[in-house]
Amino acid sequence: MANKGRISLNIELIKTPKQCVEYIIDHELLHFIERNHGKKYYELLGKIMPDWKDRKRMLEKHVL
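Numbering-wise, the numbering used here puts 32 at position 26 of the sequence shown, and it's gapless, one number per residue.
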């Protein structure tokens, strides 16, 4: 979660595949540019990580 120039990551993230870690880090870094999950946010995410939806699904499988 990005807050006042800081990003906090759950320690459990280390147990997920590298692709999940990259997804979370990119996801959080984008919040420095676009605060909310609006259309522009997802456009930017798609540009820097075209397979973000696959990575998100992979993360959800490991978290649930």
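Backbone N, C-alpha and C fix where the C-beta goes; we use that ideal spot for every residue, glycine too.
For a test of the three-state rule: what should DSSP assign to residue i, helix, strand or coil?
i: serine 30; result: Here the sequence assigns isoleucine to residue 30, which means serine is not the residue at that position. Helix at isoleucine 30.
i: arginine 61; result: helix
State buried or exposed for residue i, treating a residue as buried only when at least 16 other CB atoms are found within 10 Å of its CB.
i: leucine 36; result: buried
i: histidine 43; result: exposed
i: leucine 15; result: exposed
i: histidine 33; result: buried
Using C-beta distances below 8 angstroms, list every residue in its chain close to residue i, excluding the 5 sequence neighbours before and after it, in chain order.
i: proline 56; result: none
i: valine 27; result: Leu19, Ile20
Give every residue of the same chain whose Cβ lies closer than 7 angstroms to the Cβ of residue i, excluding the five residues on either side of it in the sequence, and list them in chain order.
i: isoleucine 39; result: Leu50
i: glycine 52; result: Trp58
Between the Cα of residue i and the Cα atoms of the options, which residue gives the shortest distance?
i: isoleucine 31; options: His68, Arg12, Val69; result: Arg12
i: tryptophan 58; options: Tyr29, Lys10, Ile17; result: Tyr29
Does the stretch 21–37 come into contact with the stretch 57–64, if we say contact requires no fewer than three beta-carbon pairs (one atom in each stretch) closer than 8 angstroms? Result yes; three or more Cβ-Cβ pairs closer than 8 angstroms.
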